[in-house]
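Trainee: Protein chains in written order, with the working numbering: chain A, 243 to 567; chain B, 39 to 365; chain C, 3 to 304.
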Amino acid sequence: MTNEVVLSLRDFRVTFPTLFGDVQAVRGIDLDVRAGEIVGVVGESGSGKSVTFLGLMGLLPKGARISGSATVNGTELVGAPRQVLREVRGRKVAMIFQDPLSALNPTHRIGHQIVEMIRAHQSMSKAAAMERAIELLNDVGIPQPRERARQYPHEFSGGMRQRVMIAMAIANDPDVLIADEPTTALDVTVQAQILEILQKIQSERQAAIVLITHDLGVVARVADRVQGMYAGRVVERGPVAALYDHPSHPYTQGLLRSLPSVGRDRLVPIPGSPPNMIEPPSGCAFRVRCPHAIDRCSLEVPTLRVVGDLESACLRADELRSVGP
Amino acid sequence: MFRFVMRRLMWALPMTLIITFVVYVALRVGTDPLASYLRVNQRASEKKIQQYIETNGLYEGFGGYVRGYLQWLQGFVTFDWPRSIKGSREVWPEFRDAMFNTLRLGLTATFLGILIGLSFGIFVALKPGGLRDATVSTSSFVAISTPPYVSALLLQLLFAVYWSKWFGQSLLPTSGVYPPGHRGFDLVLMIKHMILPVTVVVIQVVAVYARYMRASLLEVLNSEYMRTARSKGISERRVLVRHALRNALIPIVTVAAIDIGAILGGLIITERIFSYPGLGDFFLGAYDNGDFPQMMPWMFFFTLVVIAFNLLADVLYAVLDPRIRLG
Amino acid sequence: MSPRRMAVRRFVKHRAALISLIILGIMVLFILLAPFTARYGVNEAVFKTSPEKPNSFLSPRGIAWLGTDDIGRDLYSRLIYGLRVSILIGLASAFFGTILGVAIGAVAGLRGGWIDDLLMRVTDLFLAFPFLVTLLVLRSVMSNVPWLKPIVGNPTSIRFVVILFVLFGWMGVARLMRGQVLALKEREFVEAARALGASNTRIVLRHLLPNSAGPILVALTFAVSGNIIAEATLGFFGYGPQPGAGATSLGKLVGGAKGALLPGYWWLVVFPCVILILVSLCVNFVGDGLRDATDPKLDGNR
Ligand SMILES: Nc1ncnc2c1ncn2[C@@H]1O[C@H](COP(=O)(O)OP(=O)(O)OP(=O)(O)O)[C@@H](O)[C@H]1O
Ligand SMILES: [Mg+2]
C-alpha cells in the first residue's frame with residue numbers, strides 16, 4: 243500500500259439549510275483513497291454516505307453548503323470554479339448510481355450516452371467515440387455490444403444497465419470511481435457479477451474505487467479497507483479483516499450483528515433509528531442507541547484513535563474490543 | 039412504425055363513423071330539423087317541406103336514422119350538401135370562409151401562446167420557489183380561472199370604450215375582420231382586428247402551457263439522470279438542452295395535440311364576443327336557428343379534427359419516447 | 003403526527019389556499035345572510051320608496067354601492083343573490099357529478115372488459131370536444147326528448163342546468179376513479195377483502211373509496227369552479243338558467259355586461275366579472291391546496 247493518494251477529504255462538511263433548520267448531513271469527514279484500492283464506505287440509511295461524495299463532485303442541490311477540503315490528485319474541489327469541477331467530473335472522478343434505470347436518460351440511446359461521456363473530455367470524432375463505446379460495452383461483458391449500443395435503457399435488464407453505467411464511468415479512465423450502492427437494486431447472482439467487474443477494473447486499470455453500501459457483506463467480499471459512518475461522522479475505519487474480526491465501536495458491532503452469516507441463527511437489527519440531523523445528539527451521536535453508553539459520551543465528541551489495527555471513535559473502544567460482534 | 043400508424047388509422051375510420059352517427063342522432067333528436075325548418079319558414083308550401091325532408095333524409099325511427107345518416111354521409115362526401123334552412127343558402131362557401139378565418143386566428147394564437155407559455159414555464163422551472171415562480175404561477179392561475187369572455191369584456195372595455203373616451207379615438211376595433219362596409223384585402227386592418235381576440239386566446243394558452251411546462255421540466259430536473267448527466271462533466275447548457283428540455287417537451291407535445299379541442303373551445307367563445315366570422319360564430323348561429331344542414335358538416339369536421347389530433351398525439355408520443363412500445 | 007394532521011398542516015402552508023378559503027367563507031356568509039347583507043331585493047329598484055322614479059344606470063354611489071342596472075336595480079344586492087344561485091348550482095352539480103363519476107369509474111375499473119373500453123372511448127370523445135358545443139348539443143337533446151321532460155324540467159330551470167352539468171361532469175372523475183381502482187385492485191387489502199368474500203359494492207365503499215378520498219375531493223373542488231364557470235358561460239351566451247322572478251345568477255349578470263359595454267356603464271361589466279373571477283380563482287386555489295395536502299408525493303422541500 244505505497245500507492246499515491248488520489249482522493250483525499252479533510253474535515254469535509256455538508257449542510258442543507260431548510261425551513262426547519264440546518265440539516266448537518268456530513269460533519270467533518272477524513273478519508274484517503276489510494277490508487278488501486280477499494281475502500282468500502284458503510285453505514286445505515288441517512289448516515290451521509292451519498293451526500294459526502296455528491297458534495298465533493300458539486301452535484302448537490304444549489305442550497306447545499308460545503309466546507310473543509312476535498313482534493314483529487316492535488317486539485318482542490320471545495321469552492322472550485324465550475325470549469326475545474328467540469329474537468330474533474332467524468333474525467334478524474336466518475337460515479338455509478340444505485341438505480342441504473344433512473345440514472346440513465348430514458349430517451350437517449352445507450353451508445354450515445356457513452357459517446358457523450360467520451361467526447362466531453364477527449365477530442366474524438368463521433369464515429370471513433372462510438373467504436374470506443376462499443377469496446378467499453380464489450381469490456382464490461384455486454385454481448386453483441388454493437389447492436390446493444392443502439393438500444394435504449396428500458397430494453398436492458400437491471401444487471402446489464404448497471405454494466406452500461408460502469409462502461410460509461412470508465413470511459414475516460416478516471417482515477418477514482420465512486421460506486422454508490424451499485425448492487426443494492428440487483429439480485430444476488432447479478433450482484434456478484436457486478437462486483438467482479440469492479441474488481442477487474444481495480445486490478446487492470448489501477449483505479450481507486452469507493453464502494454458505498456450498507457451491506458457489510460458486499461464490503462467483505464471486495465474491499466481492502468472500510469470506513470464506517472454514522473450521523474455524518476466516521477465512527478471506525480481500518481482493514482476489512484480487522485474490522486470484521488474485532489470491531490471496537492458498538493455501531494460497527496451492531497452492523498455486523500445485523501448481518502446474516504453462517505452459525506448465527508438470529509439477526510439482531512440495531513434498535514432505535516438514526517438521529518434527526520438538524521439537532522444531532524451532543525457528543526457521540528450514537529450514544530442514544532448504544533448499549534454501552536456512559537455519561538461522558540454526551541459530553542465530548544470522540545475522535546478517531548488507534549485501537550489495534552483499527553481506528554475507532556469510541557471512548558470505550560479498548561474495553562469493547564474484546565466483546566466482539 | 040408504419041404498421042403502428044396504419045393500425046391507428048384503421049381504428050380512426052370506424053371511430054369517426056360511430057361518433058358522427060351518434061352526433062347525427064343527437065342533432066336529429068335535439069334540434070328537430072323539421073320543426074326548426076317550419077319555424078324559420080312559416081309559409082313554406084307542402085311541396086317545399088316534402089322536398090326538405092327528402093334532401094335531408096329526415097326519416098323517422100332508428101332505421102330511419104341509419105338511412106338518413108347514410109344518405110347525409112353520401113351527400114357530404116360528394117359535396118352535395120343540403121342547403122341551409124334559413125334563406126336556403128349553400129353551406130360550403132360560408133363554412134369554408136369561416137374555416138379560414140378560424141385557422142388564421144387559431145394558428146396565430148396557438149403558436150404565440152404555446153411559445154410564450156413554454157418560455158415562461160422554462161423560465162420559472164429553472165428557479166423554482168422564488169418570487170419569480172410565485173408571480174408567474176399565481177398569474178397563470180388567475181388566467182386559468184378567468185373565462186375567455188370575461189377577459190374579452192374587460193379588454194374591450196379598456197381598449198375600445200374607455201380608450202376612446204379618454205383619448206378621443208378607440209385604439210383597437212372590437213368586432214369583425216374588417217370594419218363594416220370594407221371591401222378587398224388589407225393586412226394592417228386585418229391584423230388590427232385580430233389583436234384583441236388573439237390576446238384573449240393567448241392569455242389562456244399561455245397560462246395552461248406555462249403550468250404544463252413548469253411541472254414537466256421540474257419533474258425532469260429532479261430526476262436522477264440529470265445528476266448522471268452533470269456527473270459526466272458536460273456543459274450545463276448541454277445538460278439543460280439535451281437532457282432536460284428534450285425530455286420535458288415529450289409529454290407537452292402530446293398534450294398539445296390532444297388539447298386542440300380545448301383551444302378550439304376557447305376560440306368559439308372568443309369569436310362570438312368579437313363577432314369574428316369564424317367556425318365558432320358559424321356554429322352558434324346555426325345552433326340558434328336549429329339549422330341542421332349547417333350543423334352536421336360542422337360536427338363532422340370537428341370530429342375529424344379531434345380524432346386526427348388524437349391520432350397525431352399517439353404517433354408523436356411513440357416517435358418521441360422510445361419507452362412506448364409500438365404495436 | 004397523524005396523516006390527517008399532516009394534511010391540514012400542508013394545506014395551511016399553502017398560503018393562497020388559506021386566504022381563498024377565508025374569502026370563500028366570507029362569501030358564503032354573505033349569501034346565507036342575504037336578507038340582511040343585501041340592501042335591496044333582487045328585483046327591487048333603488049329609490050323605490052321615494053317619489054322620484056327609479057334611477058337606471060346609476061354609477062356606484064352611497065345609495066347603490068356598485069351602481070344600478072338598466073331598470074334601476076342595485077347591482078350589489080343582485081350580485082349577492084346571483085352568487086347564491088351560482089354557488090348552489092356549482093356545488094350541487096359537482097356533488098352529484100362526482101357521485102356518478104365515482105360509481106361509473108368504479109364499475110369500469112372493477113369489471114374491466116368492454117364496459118371499461120366503452121367508458122374510455124366515450125370519455126375520450128367528450129373531453130376532446132369543445133365543451134360549449136358538447137353542452138349545447140346535450141342541452142338540446144335533453145330538452146327535446148318528451149319523456150325526459152318530467153325529470154329534467156324546463157331548459158331554463160336550475161334543475162335542468164344541474165342535471166346537464168352532472169351528465170357532462172362525471173367523466174373526469176370516472177377516469178380518475180377508474181385509475182385509482184386499477185391501481186388499488188392489485189394491493190393486498192383489496193385482495194384480502196375479496197378472498198373473504200366481500201362483494202364489489204362493499205369493496206368499493208369500504209376499501210377503495212376511503213383510499214382515493216384525497217384525489218376525489220380535489221376533483222370535486224375543481225368541478226365546483228368548473229360548473230360555476232359553465233353556468234356563467236351558458237348565461238353569458240343566453241342559454242343559461244332563468245332562475246325565476248325572485249332570483250338571478252352570475253351568468254345572467256355577466257351576460258348583462260355585454261349590453262353595458264358600449265355605452266360605457268363600466269360597473270355593470272367590471273363587478274360581475276371580478277366576482278366571477280374571484281369565486282373561480284378562490285375555489286381553484288383551495289383545490290390546489292387540497293391537492294398539495296392530500297398528495298404524499300409532494301412531501302419534502304419542493
Ligand atoms: N437536499 C437535501 N436537503 C436536506 N437534507 C438532505 C438533502 N439531501 C440529503 N439530506 C439529508 O442528508 C442526510 C444524509 O443523506 P444521504 O443520502 O447521504 O444518506 P445515505 O447514507 O446515502 O443513505 P442511503 O443509504 O439511504 O443512501 C439525510 O439525513 C438526508 O435526509
Ligand atoms: Mg445514499
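Using N, Cα and C, we set each Cβ at its ideal position, and we do this for glycine too.
For chain B, check one thing: does any of its Cβ atoms lie closer than 8 Å to the Cβ of Asn-146/C?
Mentor: By this cut-off, Asn-146/C is an interface position.
Trainee: Do Ala-409/A and Ile-356/A count as a contact pair if the criterion is CB distance below 8 Å?
Mentor: Yes. Within cutoff.
Trainee: Whose C-alpha, out of Phe-49/C, Asn-146/C, Arg-11/C and Gly-69/C, is nearest the C-alpha of Tyr-267/C?
Mentor: The option with the nearest alpha carbon to Tyr-267/C is Gly-69/C.
Trainee: Alpha carbons only, please: which of Phe-131/C, Asn-45/C and Pro-62/C is nearest the one belonging to Ile-345/B?
Mentor: Residue Phe-131/C is the option with its Cα nearest to Ile-345/B.
Trainee: So, is Leu-541/A buried or exposed, given that buried needs 16 or more other C-beta atoms within 10 angstroms?
Mentor: The residue in question, Leu-541/A, is exposed, as its Cβ has fewer than 16 Cβ neighbours within 10 Å.
Trainee: Would the stretch 450 to 462 of chain A and the stretch 278 to 291 of chain A be scored as touching if the rule is three or more Cβ pairs under 8 Å?
Mentor: Output reads yes: the stretch 278 to 291 of chain A touches the stretch 450 to 462 of chain A.
Trainee: With respect to 7 Å, is the separation between the Cβ of Lys-187/C and the closest non-hydrogen atom of ligand 2 below this value?
Mentor: Lys-187/C Cβ: outside cutoff for every heavy atom of ligand 2.
Trainee: Distance check for Arg-252/B and Asn-303/C, CA to CA, integer angstroms please.
Mentor: A caution first: Asn-303/C carries a pLDDT of 34, below 50, which makes its placement in the model unreliable, though a value can still be read off. Rounded to the nearest angstrom, the two C-alpha atoms are 16 Å apart.
Trainee: How about His-209/C: is its C-beta nearer than 8 Å to some C-beta of chain B?
Mentor: It does not; no Cβ of chain B falls within 8 Å.
Trainee: Figure out for me which residue from Ser-313/B, Gly-167/B, Val-357/B and Gly-299/B has the closest Cα to the Cα of Asn-348/B.
Mentor: The shortest C-alpha separation from Asn-348/B is found at Gly-299/B.
Trainee: For the candidate residues Gly-144/B, Leu-283/B, Val-43/B and Leu-234/B, whose alpha-carbon lies nearest to that of Leu-256/B?
Mentor: Selected option, being the one with the closest Cα: Leu-283/B.
Trainee: Regarding Phe-262/A and ligand 1, is the C-beta to nearest heavy atom distance less than 7 Å?
Mentor: No, the Cβ of Phe-262/A stays beyond 7 Å of every heavy atom of ligand 1.
Trainee: What three-state label does DSSP hand Glu-279/A in the structure shown?
Mentor: Three-state result, Glu-279/A: coil.
Trainee: Does Thr-93/B have its Cβ less than 8 Å from a Cβ in chain C?
Mentor: Output row for Thr-93/B: interface = no.
Trainee: Residues near ligand 1, CB to any non-hydrogen atom under 6 Å, in chain order?
Mentor: Every residue passing the under-6 Å Cβ criterion appears here: Phe-258/A, Thr-260/A, Val-265/A, Ala-267/A, Gly-285/A, Ser-287/A, Gly-288/A, Ser-289/A, Gly-290/A, Lys-291/A, Ser-292/A, Val-293/A, Pro-303/A, His-456/A and Met-519/A.
Trainee: Would Thr-349/A count as contacting chain B if we go by Cβ distances under 8 Å?
Mentor: Closer than 8 Å to some Cβ of chain B, the Cβ of Thr-349/A qualifies, so yes.
Trainee: Quick one: what does DSSP say Ala-47/C is sitting in, helix, strand or coil?
Mentor: Reduced to three states, the DSSP call for Ala-47/C is strand.
Trainee: Can you tell me which of the three DSSP states Tyr-314/B falls into?
Mentor: The answer is coil: DSSP assigns Tyr-314/B none of H, G, I, E or B.
Trainee: On the CB-based measure, 16 or more other CB atoms within 10 Å of its CB, does Lys-254/C come out buried or exposed?
Mentor: So Lys-254/C ends up on the buried side.
Trainee: Indicate whether the contact test is met: 3 or more Cβ pairs, each with one atom in the stretch 281 to 288 of chain C and one in the stretch 170 to 184 of chain B, closer than 8 Å.
Mentor: Short answer: they touch.
Trainee: Report whether the distance from the Cβ of Asp-341/A to the nearest heavy atom of ligand 2 is below 7 Å.
Mentor: Because no heavy atom of ligand 2 lies under 7 Å away, the Cβ of Asp-341/A does not count as near it: no.
Trainee: Looking only at DSSP bridge pairs, what is Met-29/C linked to?
Mentor: Looking at the DSSP assignment, Met-29/C forms no beta bridge with any residue, so it has no partner.
Trainee: Using only the alpha-carbon positions, how far apart do Gly-228/C and Gly-92/C sit?
Mentor: The alpha-carbon atoms of Gly-228/C and Gly-92/C are separated by roughly 8 Å.
Trainee: Rounded to whole angstroms, how far is the Cβ of Phe-330/B from the Cβ of Ile-123/B, which I believe are closer than 8 Å?
Mentor: At roughly 7 Å, the Cβ-Cβ gap stays under 8 Å, so Phe-330/B and Ile-123/B are in contact.
Trainee: Excluding the 5 residues flanking Val-129/B on each side, which residues of the same chain have their C-beta closer than 8 Å to its C-beta?
Mentor: Trp-119, Pro-120, Arg-121, Ser-122, Pro-331, Gln-332 and Pro-335.
Trainee: What do you reckon, are the CB atoms on Ala-527/A and Ala-473/A nearer than 8 Å?
Mentor: For Ala-527/A and Ala-473/A, yes; Cβs fall inside 8 Å.
Trainee: Does Ala-267/B come within less than 8 Å of chain A when only Cβ atoms are used?
Mentor: Taking Cβ atoms only, chain A reaches closer than 8 Å to Ala-267/B, which makes this a yes.
Trainee: When you compare the stretch 99 to 114 of chain C with the stretch 170 to 183 of chain C, are there three or more beta-carbon pairs, one atom per stretch, that lie closer than 8 Å?
Mentor: At 8 Å Cβ cutoff, the stretches touch.
Trainee: Alpha carbons only, please: which of Ser-201/C, Leu-140/C and Arg-293/C is nearest the one belonging to Gly-68/B?
Mentor: Checking every option, the nearest Cα to that of Gly-68/B belongs to Leu-140/C.
Trainee: What did DSSP end up calling Met-366/A once you bin it into helix, strand or coil?
Mentor: Residue state, collapsed to three classes: coil.
Trainee: In angstroms, rounded to a whole number, what distance separates the CA positions of Val-432/A and Gly-401/A?
Mentor: Distance between the alpha carbons of Val-432/A and Gly-401/A: 6 Å.
Trainee: What residues match up with Gly-470/A in a beta bridge as DSSP calls it?
Mentor: DSSP output for Gly-470/A lists Val-284/A and Glu-478/A as bridge partner(s).
Trainee: Smallest Cα separation from Ala-427/A: which of Arg-403/A, Asp-417/A, Leu-440/A and Met-366/A?
Mentor: Minimum Cα distance to Ala-427/A is reached at Arg-403/A.
Trainee: Using a threshold of 7 Å, is the CB atom of Glu-389/A nearer than that to any non-hydrogen atom of ligand 2?
Mentor: Answer for Glu-389/A: no, Cβ out of range of ligand 2.
Trainee: Under 8 Å between beta-carbons, which chain B residues line up against Ser-344/A? List them in chain order, please.
Mentor: The contacting residues are Ser-261, Glu-262 and Tyr-263.
Trainee: Is the separation between the beta-carbon of Arg-269/A and that of Arg-255/A shorter than 8 Å?
Mentor: Yes, the Cβ-Cβ distance between Arg-269/A and Arg-255/A is below 8 Å.
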